[in-house]
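S.K.: Here the working numbering is used: the first residue of the sequence shown is 2, the next is one more, and so on.
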Amino acid sequence: MLPQKQAEEAIVTNFTETENDGGIVREEEKEQDNSMFTLKSFLWHGGSVWDAWFSCASNQVAQVLLTLPYSFSQLGMLSGILLQVFYGILGSWTAYLISVLYVEYRTRKEKENVSFKNHVIQWFEVLDGLLGPYWKAVGLAFNCTFLLFGSVIQLIACASNIYYINDKLDKRTWTYIFGACCATTVFIPSFHNYRIWSFLGLGMTTYTAWYLTIAALLHGQVEGVTHSGPAKLVLYFTGATNILYTFGGHAVTVEIMHAMWKPQKFKYIYLLATLYVFTLTLPSASAVYWAFGDQLLNHSNAFSLLPKTGFRDAAVILMLIHQFITFGFACTPLYFVWEKVIGMHDTRSICLRALARLPVVIPIWFLAIIFPFFGPINSAVGALLVSFTVYIIPALAHMLTYRKASARQNAAEKPPFFMPSWTAMYVFNAFVVVWIFVVGFGFGGWASMTNFVKQIDTFGLFAKCYQCQPSGLPPPKAAAPPPHAHHL
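1. Give the single residue among W291, M258, L201 whose Cα lies nearest to the Cα of V226.
2. Keeping to the same chain, check which residues put their C-beta closer than 8 Å to that of I393; ignore five residues upstream and five downstream.
3. Quick check: the Cα distance between Y97 and K266, rounded to an integer number of angstroms?
4. Suppose contacts are defined by Cβ-Cβ distances below 8 Å. Is S59 in contact with G202 by that definition?
5. Only counting the same chain, and skipping five residues up and downstream in sequence, which positions put a Cβ closer than 6 Å to that of L307?
6. Suppose contacts are defined by Cβ-Cβ distances below 8 Å. Is A286 in contact with F429 by that definition?
7. Starting from P364, trace the alpha helix (DSSP H) in both directions and tell me its first and last residue.
8. For F279, which residues in the same chain have their Cβ closer than 8 Å to its Cβ, ignoring the five residues on either side in sequence?
9. Please classify K172 as buried or exposed, where buried requires at least 16 neighbouring CB atoms within 10 angstroms.
10. So for D347, helix, strand or coil by DSSP?
11. Which of the three DSSP states is assigned to D295 in this structure?
12. Would you report the Cα separation of I363 and R354, rounded to the nearest angstrom?
13. Tell whether a beta-carbon distance below 8 Å holds between S180 and V382.
14. Using beta-carbon positions only, say whether V187 and L359 come within less than 8 Å of one another.
15. Spell out a yes or no on whether the segment 445-452 and the segment 127-145 are touching, meaning 3 or more CB-CB pairs, one atom from each, closer than 8 Å.
16. Would DSSP call H300 helix, strand or coil?
17. What are the start and end residues of each continuous alpha helix (DSSP H) run of 4 or more residues lying completely inside the segment 386-463, in chain order?
18. Would you identify the three-state DSSP class for D22, choosing helix, strand or coil?
19. Output the distance between the C-alpha atoms of A303 and Y403, rounded to the nearest integer angstrom.
20. Indicate the three-state DSSP secondary structure (helix, strand or coil) for M261 in the structure shown.
21. Closest to V338 by CA distance: which of W51, E126, C57 is it?
22. Spatial neighbours of G130 within its chain, please: CB distance less than 6 Å, with the 5 preceding and 5 following residues excluded, ordered by chain position.
23. Consult DSSP for K118 and reduce its assignment to one of helix, strand or coil.
24. Identify the continuous alpha helix (DSSP H) that holds S72 and give its terminal residues.
25. Distance check for S301 and H323, CA to CA, integer angstroms please.
26. What number of angstroms, rounded off, separates the C-alpha of T247 from the C-alpha of W94?
27. So, helix, strand or coil for T186, using DSSP?
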């Protein structure tokens with residue numbers, strides 16, 4: 002168990018706070034025990050801009066790196082590339098709005114002499130402080146549900162990936178095993194303590210992305226390859242919603258900001274992380290789709306079509322480790338909410354807090370066993386939850402927070418240099434709300450739920466080994482998807 006002071010510092014960053022020009026200036030209260038840089042502090046205590054960038058970039062790609070080629074088979078090459086860029090920009094914009102609202106909330110509370118020592122600010126609390134209890138309830142419901150299913154997806158992805166190395170156990174059994182492994186994330190106190198994990202996680206996804214790209218190019222196009230996408234509206238909007246989900250991973254933005262020494266510097270970090278992610282997602286998805294074409298309609302996990310080699314096994318193992326990290330990223334805000342509900346959030350004992358967090362893992366474990374549909378669940382979560390949690394609600398909240406002239410005049414953060422006025426921000430925010438509601442939630446929700454129900458009808462709930470290749474049979478070579486084999 003950590004000593005009391007270290008445990009306290011692990012919960013939230015340890016600094017003094019002063020005001021400067023309406024913003025927040027944070028200085029470390031102590032120079033990490035008189036500037037002594039121990040290995041533990043180097044690996045464990047992260048609150049810099051670089052830590053935040055690694056956290057955002059690492060958390061953004063995760064298992065969707067393996068499903069993007071499948072999305073390209075639904076969308077076609079051109080739409081796949083354009084929608085990645087489009088949703089990357091929208092996602093970066095709403096992450097910027099969330100950071101602005103966090104700074105606004107923090108500034109107002111500090112003027113009231115409110116202290117957040119040993120308390121991690123979360124998105125629903127920002128909404129409560131700026132817009133009232135009804136917004137708090139909406140934000141809490143959407144955010145927690147999204148993070149719950151985001152954690153479920155990580156467990157499903159773990160079982161799906163390890164099956165390509167060891168198929169002696171079925172995917173459901175692997176889900177049991179990895180559920181137990183991922184439960185150990187209860188011992189990581191906060192995003193302040195993800196420094197080494199974020200760094201390693203991004204390295205792992207970088208390796209995997211370039212492995213997919215190079216392996217697909219070396220493999221070449223399969224015999225008789227076809228690229229018929231987009232062929233059906235339901236598939237098109239399912240693929241589009243999966244990309245919306247890819248760049249909507251900032252449901253943990255507030256928690257990442259709160260772990261920073263100077264959170265006002267977060268503003269453009271998500272955009273910079275997205276630009277790096279483009280260098281991973283665009284080449285890998287394009288190359289795999291070019292090589293395998295419509296075969297991907299039957300294989301939403303890109304690993305399933307690439308030949309078994311040492312490089313592929315290394316990529317699978319690295320992605321397994323990364324999915325453990327991403328599980329922790331998705332679960333940690335849920336841990337915070339649960340701690341606040343049961344009155345354990347300010348407890349200094351790491352072990353006691355870990356024990357209190359365990360009930361959060363159980364429903365996640367159970368849902369991963371019920372719905373093992375890797376590709377379809379990504380799209381369903383994107384349409385029904387991500388669309389509101391990280392696109393519509395932040396845009397609406399920003400518009401309502403600064404609807405009055407006095408609020409705009411006293412704003413902690415003024416419009417960015419590339420936005421000429423508050424009016425321009427309102428217009429762009431309105432566009433985000435309408436587009437995501439109609440295209441993301443409307444069409445995307447229809448397509449993804451149609452697809453999701455089809456998987457349940459085809460494979461049933463509690464599927465023992467979803468889309469596993471029957472032993473002794475060669476991989477399918479059909480260019481068009483058979484009627485009963487959709488997704489991973």
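Glycine residues also receive a C-beta, built at the ideal position from the N, C-alpha and C atoms. It should be emphasised that the depicted structure is a prediction, and the values quoted were computed from it without experimental measurement.
M.R.: For this structure:
1. Walking along the sequence shown from the start, residue 226 turns up at place 225. Minimum Cα distance to V226 is reached at W291.
2. Translated into positions along the sequence shown, residue 393 becomes position 392. Same-chain partners within the cutoff: V433, V434, I437, F438, F442.
3. As a first step, residue 97 must be located in the sequence shown, where it is residue number 96. As a first step, residue 266 must be located in the sequence shown, where it is residue number 265. Rounded to whole angstroms, Y97 to K266 spans 11 Å at the Cα level.
4. Counting from one through the sequence shown, the residue named residue 59 turns up at place 58. Counting from one through the sequence shown, the residue named residue 202 turns up at place 201. The answer is yes: Cβ separation under 8 Å.
5. Position 306 of the sequence shown, counted from the first residue, corresponds to residue 307. Hits under 6 Å: A216, R313.
6. Within the sequence shown, the letter at position 285 stands for residue 286. Within the sequence shown, the letter at position 428 stands for residue 429. At a Cβ-Cβ threshold of 8 Å, A286 and F429 do not count as neighbours.
7. Numbered from its first residue, the sequence shown carries residue 364 at position 363. Counting along the chain, the alpha helix (DSSP H) containing P364 begins and ends at 351-371.
8. Looking up residue 279 in the sequence shown gives position 278. Closer than 8 Å at Cβ, skipping near neighbours: Q85, V86, G89.
9. Translated into positions along the sequence shown, residue 172 becomes position 171. Classification of K172: buried, given that the 10 Å Cβ count is 16 or more.
10. Translated into the one-based positions of the sequence shown, residue 347 becomes position 346. Three-state DSSP puts D347 in coil, outside helix and strand.
11. The residue you call residue 295 lines up with position 294 of the sequence shown. Judged by DSSP in its simplified three-state form, D295 adopts helix.
12. By 1-based counting over the sequence shown, the position of residue 363 is 362. By 1-based counting over the sequence shown, the position of residue 354 is 353. When rounded, the distance between both Cα atoms is 16 Å.
13. Here residue 180 refers to the residue found at position 179 when the sequence shown is read from its first residue. Here residue 382 refers to the residue found at position 381 when the sequence shown is read from its first residue. In the sequence as displayed, the identity of residue 180 is Gly instead of Ser. Cβ atoms of G180 and V382: not closer than 8 Å.
14. The residue labelled residue 187 in the question sits at position 186 within the sequence shown. The residue labelled residue 359 in the question sits at position 358 within the sequence shown. Yes, these two residues count as a Cβ contact at 8 Å.
15. no
16. By 1-based counting over the sequence shown, the position of residue 300 is 299. It is coil, neither helix nor strand.
17. 394-402, 406-410, 423-436, 445-460
18. In the sequence shown, counting from the first residue as 1, residue 22 sits at position 21. Caution applies to D22, whose pLDDT of 39 falls short of 50 and renders its modelled position unreliable; the value that the coordinates give is listed next. Correct three-state label for D22: coil.
19. Indexing the sequence shown from 1 puts residue 303 at position 302. Indexing the sequence shown from 1 puts residue 403 at position 402. Rounded to whole angstroms, A303 to Y403 spans 44 Å at the Cα level.
20. Here residue 261 refers to the residue found at position 260 when the sequence shown is read from its first residue. In the displayed model, M261 falls within coil according to three-state DSSP, outside both helix and strand.
21. The residue given as residue 338 occupies position 337 in the sequence shown. The candidate whose alpha carbon is nearest that of V338 is E126.
22. For the purposes of this step, residue 130 is taken as residue 129 along the sequence shown, with counting starting at 1. Cβ neighbours of G130 beyond the five flanking positions: Y106.
23. For this step, residue 118 is matched to residue 117 along the sequence shown. Coil.
24. Translated into positions along the sequence shown, residue 72 becomes position 71. Looking at the DSSP string, the run of the alpha helix (DSSP H) that includes S72 is 65-76.
25. In the sequence shown, residue 323 corresponds to position 322, counting from 1. In the sequence shown, residue 301 corresponds to position 300, counting from 1. Within the model, the alpha-carbon separation for H323 versus S301 is close to 19 Å.
26. To locate residue 247, count along the sequence shown from 1; it is residue 246. To locate residue 94, count along the sequence shown from 1; it is residue 93. Straight-line Cα distance between these residues: approximately 15 Å.
27. Locating residue 186 in the sequence shown gives position 185, where the first residue counts as 1. T186 falls in the helix class under three-state DSSP.
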